[in-house]
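Residue numbers (my numbering): 19 to 120.
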């Protein structure tokens, strides 16, 4: 089945270290339509601390989904290219997002 490109939207996310395990996880950045505590399922390489240290910001195409009525989460296709954002690029993206809100 083909991917429905209309269900996906650009989301700025960042890697954060889990305080309990120390493993990296990916979360949406604050200031968007998604809570910063929401889980993001994405390519495993984005969570590799050898490649991307904690605090690295990414731009992903993600859709809101849930699995069998569970908690909603963002899903980013693992085959999409990894786009790393600088701090300035992330701030510009979030500022553009805020201006576009109704």
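Glycine is no exception: its CB is placed at the ideal position from the N, C-alpha and C atoms. Owing to the predicted nature of the structure, the values given are computational and were not obtained by experimental measurement.
Counterpart residues of residue i in DSSP-defined beta bridges
i, result
"residue 111", "Looking at the DSSP assignment, residue 111 forms no beta bridge with any residue, so it has no partner."
"residue 94", "80"
"residue 46", "31"
"residue 75", "32, 103"
"residue 59", "93"
Backbone secondary structure at residue i - three-state DSSP
i, result
"residue 30", "strand"
"residue 106", "helix"
"residue 35", "strand"
"residue 51", "coil"
Cβ separation of residue i and residue j, assumed to be a contact under 8 angstroms, to the nearest whole Å
i, j, result
"residue 93", "residue 83", "5 angstroms"
Pairing CB atoms from the region 83-91 with CB atoms from the region 60-74, are three or more of them under 8 angstroms?
Segments in contact, no.
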